[in-house]
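Q: Dropping a structure here in structure tokens format, bear with me for questions.
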Amino acid sequence: MVGSKNYWMRSIGISAIVGLALSATACAGANGGGAAGDEIEIGAHPALLTAFNAYAEAYNATDPEVPVSIVELGGDDYTQQLLTMQLSGDAPDIIINFANAQLQSDGLIKDLQPWLAEGKGGLSEDQFIPAWLSPYVSDPSSGAVGGLPVSADTMLLYYNKTLFERAGVTELPSDTWTWDDMYRVGEQISAAGAGQYWGYQPQNWHAVYNPVLHASGTEVFDDEAGEFVFADAAGIEGWKTILQPWQEGWGTPYQAEGAQTDYFGAGQAAMMLNTRPAIVGYRDSLAEYDWDVALVPKLNGENAIGGGSYGLSIMADSPNAEAAWDYLSWFFSTDGGMQVASEFGVIPVTENGVTDGAWRDDPNPVPASLTPVTEVAVSDAYLGGPPVPVDVSADLDPALVAAQQRVLIEHATVADSYRQAQEELNAAVK
2 MVGSKNYWMR
12 SIGISAIVGL
22 ALSATACAGA
32 NGGGAAGDEI
42 EIGAHPALLT
52 AFNAYAEAYN
62 ATDPEVPVSI
72 VELGGDDYTQ
82 QLLTMQLSGD
92 APDIIINFAN
102 AQLQSDGLIK
112 DLQPWLAEGK
122 GGLSEDQFIP
132 AWLSPYVSDP
142 SSGAVGGLPV
152 SADTMLLYYN
162 KTLFERAGVT
172 ELPSDTWTWD
182 DMYRVGEQIS
192 AAGAGQYWGY
202 QPQNWHAVYN
212 PVLHASGTEV
222 FDDEAGEFVF
232 ADAAGIEGWK
242 TILQPWQEGW
252 GTPYQAEGAQ
262 TDYFGAGQAA
272 MMLNTRPAIV
282 GYRDSLAEYD
292 WDVALVPKLN
302 GENAIGGGSY
312 GLSIMADSPN
322 AEAAWDYLSW
332 FFSTDGGMQV
342 ASEFGVIPVT
352 ENGVTDGAWR
362 DDPNPVPASL
372 TPVTEVAVSD
382 AYLGGPPVPV
392 DVSADLDPAL
402 VAAQQRVLIE
412 HATVADSYRQ
422 AQEELNAAVK
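In case it helps, this note's numbering puts the sequence shown at residues 2 to 431.
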């Protein structure tokens, strides 16, 4: 979900479990926005500097009319910092977009729809997979496109075959698995681990709860009714499903605060739902283990596969908007930026990028099932229902975290706790 800063951090890899918020502030760079024709500035979070510097080097090697440079953005209150930078004339031309609704509402980013409709620079709307582009249209009635998604980061089921074998469990995840199967086997492995290792490391953030709520028969927000509905009868069943391993005591230990332990990456959890880019870190941390990936199991007959992306946007007042578009046209081409981006685990969100992208040529054989599982996950991912109103979007995550803690720490019922959260959020909407 583009509207959640939390997703973007998690999409970088398992290390993002440690930090639940990404925000940005300007650090020392070149000349801010600069005058038209000088150079294009791209603001990149520190975690992405290596990748974006590589993109800039490759683009500049094509001898563009206007070269690009990278400036670092990192800190607190992203949108406020961008507003300040815009007022002072120091904003970069292209920014990372992980909060599209807010950025569009504040008028910070350019509407890209006219240029997409024109096919300007060879870049058009029909090149992008609709489900992955739609989160960048926060107001469907206007059709304004605030950004272009960089990578199709889907959730996968990671599993450690070595721990399965150690626990004496021969049943491995398959395409027909359900959440009941995953939990049944997870509980068996936890019992065998006796506190030394566990069968499953639970997760509860929007790339998990959005598809679970959807498969359960509801959504987070009902735009027709203008209210949150995640705690209706179907929603309560969804939350119970997510929290079950913690409540029953066989999931990895629940941590309410502080740095979250990566039990799976440490070889102490047999299964975990995580984003595809996490493979980069796991190839190192799990080098001594036999591990693989599978589709997120089915829930009520659906593969409850979550996902999200961060996008690239052009600042509304950029003096280099035309040149910035030239860069985006190169970046999203299969033989241009996407060729370089494949080295950083990026799955293009364009139709030909998924079918013919360089990501398919990954020479690393681990995990063995990565390519076929990714193909299905990208096409079947559920990215969330109607967007949450901008004025309360920042309140959603804290309300859901508080609800979870009431259940797991104060032992409130799931129904009472999540209904309380829903009532508080609806009061803010009305």
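C-beta: ideal position from N, C-alpha, C; glycine also.
(1) Between the alpha carbons of F345 and E66, how many angstroms are there, rounded?
(2) So, with DSSP's three-state summary, where would you put E424?
(3) Tell me whether N275 sits in a helix, a strand or coil according to DSSP, three-state version.
(4) I'd like the span of the beta strand (DSSP E) that includes L158, first residue to last.
(5) Can you tell me which of the three DSSP states D293 falls into?
(6) Taking 8 Å as the cut-off, does the segment 87 to 99 touch the segment 314 to 322 (at least 3 CB pairs, one atom from each stretch)?
(7) Taking the C-alpha atoms as reference points, what is the distance between Y283 and A428?
(8) Mark T219 as exposed unless 16 or more other C-beta atoms lie within 10 angstroms of its C-beta, in which case mark it buried.
(9) Tell me where the alpha helix (DSSP H) around S217 begins and ends.
(10) Can you tell me the Cα-Cα spacing of A288 and E42, whole angstroms?
(11) Thinking C-beta only, is T372 closer than 9 Å to T276?
(12) Suppose contacts are defined by Cβ-Cβ distances below 9 Å. Is W247 in contact with G187 by that definition?
(13) If we call anything under 9 Å between Cβ atoms a contact, is A165 one with I190?
(14) For E424 and S418, what's the separation of their Cα atoms in angstroms?
(15) Assuming V377 contacts L296 (C-beta within less than 8 Å), just tell me the rounded distance between them.
(16) Let me confirm a value: P136 is counted as buried when at least 16 other C-beta atoms fall within 10 Å, else exposed. Which label applies?
(17) How far does the alpha helix (DSSP H) with E58 in it extend, from its first residue to its last?
(18) Measure the C-alpha to C-alpha separation of P171 and N161 and round it to an integer number of angstroms.
(19) So with Cβ pairs under 9 Å, would you call S175 a contact of chain B?
(20) Output the distance between the C-alpha atoms of A62 and L74, rounded to the nearest integer angstrom.
(21) For the pair the segment 102 to 111 and the segment 307 to 316, tell me if three or more CB-CB distances fall below 8 Å.
(22) So what does DSSP say about T351, is it helix, strand or coil?
(23) Is any heavy atom of the ligand MG found at a distance shorter than 8 Å from the C-beta of E323?
(24) Residue ranges of each alpha helix (DSSP H) run of no fewer than 4 residues wholly in the segment 326 to 401, ordered along the chain?
(25) So, at 6 Å on beta carbons, what are the nonlocal neighbours of P68 in its own chain, with the 5 sequence-adjacent residues on each side left out?
(26) From E411 to Y264, what distance separates their C-alpha atoms?
(27) Bridge partners of P68, per DSSP?
(28) Leaving out five residues on either side along the sequence, give the residues of the same chain with a beta carbon under 7 Å from the beta carbon of P368.
(29) Just the Cα atoms here: how many angstroms apart are G259 and V402?
(30) Assign G302 to buried or exposed, taking buried as 16 or more other Cβ atoms, counted over all protein chains shown, within 10 Å of its Cβ.
A: Considering the structure as presented:
(1) 26 Å
(2) helix
(3) strand
(4) 154 to 161
(5) strand
(6) yes
(7) 43 Å
(8) buried
(9) 207 to 217
(10) 38 Å
(11) no
(12) no
(13) Residue identity check: residue 165 is Phe in the sequence provided, not Ala. Contact flag set, yes.
(14) 10 Å
(15) 6 Å
(16) buried
(17) 50 to 61
(18) Looking at the sequence provided, one finds Thr at residue 171 rather than Pro. When rounded, the distance between both Cα atoms is 12 Å.
(19) This model lacks chain B altogether, as it is built from one protein chain only.
(20) 24 Å
(21) yes
(22) strand
(23) Inclusion of the ligand MG in the displayed structure is not the case, the ligand content being empty and no account of it being possible.
(24) 338 to 342, 352 to 357, 371 to 381
(25) E40, N61
(26) 24 Å
(27) Beta-bridge pairing links P68 to no other residue.
(28) I280, W292, D293, V294
(29) 13 Å
(30) exposed
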